[in-house]
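Here is the structure we will look at, set down as structure tokens.
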Amino acid sequence: MKTYATKAGDIERQWHVVDAAGKTLGRLASQIASLLMGKHKPTYVPYLDTGDYVIVLNAAKVRVTGKKARQKVYYRHSGYPGGLRATTFEDMLASHPTRVIEHAVRGMLPHNRLGRAMFKKLKVYAGDSHPHQAQLAGAKMTAKGSGSS
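Just so we're aligned, residue 6 is where the sequence shown starts under my numbering, counting upward by one.
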């Protein structure tokens, strides 16, 4: 029997809906990253994008443990001298709730062009509505507190 080698044409993508309300940010992000990479599939190979699409709802209701709400800081730089900007988790969640999950998931994906392709399959929404109803014919709603189902 020969070893099966996954080819780009053999990949079947599914849609997963994840509810972030009340979930811990890091644990949720690692489950989402695993779905985006396709590690839950038997056809996973590290050199192809075998992952699925993930829709994250209620991003504004994600939580962090301990004092991270006030102490966790996101940095960005404008490219100009003195252009370093810092934003706390609280402020980021209030102004741009989708960026909190996007930032956490992006850090858990490969840092190359394959990771950028995987990241494009992530759709994050602050509320509980989304414009992807047509794609959800065979979607999987992840159970509360678990990864994929």
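Backbone N, C-alpha and C define an ideal beta-carbon position, used for all residues, glycine too.
### Query
Between which two residues does the alpha helix (DSSP H) containing R104 stretch?
102-111
#### Entry: Residues near M6 by beta carbon distance below 6 angstroms, same chain, minus five either side
Excluding residues within five positions, none has a Cβ falling inside 6 angstroms.
### Query
Can you name the residues that DSSP bridges to A91?
Y80
### Query
What does a CB cutoff of less than 6 angstroms around Y130 pick up in its chain, not counting 5 residues either side in sequence?
L62
### Task
Following the continuous beta strand (DSSP E) through L127, name the residue where it begins and the one where it ends.
127-129
#### Entry: Residue interval of the alpha helix (DSSP H) (run including L33)
30-42
### Task
Would you mind working out which of T55, R32, P136, K46 sits nearest G16, comparing C-alpha positions?
Strictly speaking, residue 16 in this sequence is Ile, with Gly absent from that position. If we check each option's Cα against that of I16, T55 comes out closest.
### Message
Within the continuous alpha helix (DSSP H) that includes L119, where are the two ends?
### Response
118-124
### Message
Among T70, A10, G14, M42, whose alpha-carbon lies nearest the alpha-carbon of V110?
### Response
M42
### Task
Kindly indicate the opening and closing residues of the beta strand (DSSP E) around Y58.
58-62
### Task
Round the Cβ separation of V67 and I106 to the nearest angstrom and send it over; I've been treating them as touching at under 8 angstroms.
Between the beta-carbon of V67 and that of I106 there is about 6 angstroms, and that keeps the pair under the 8 angstroms contact cut.
### Task
List the endpoints of the continuous beta strand (DSSP E) containing V22.
First-last of the beta strand (DSSP E) with V22: 20-24.
### Task
Within 10 angstroms of the Cβ of L89, are there 16 or more other Cβ atoms? Answer buried if so, exposed if not.
exposed
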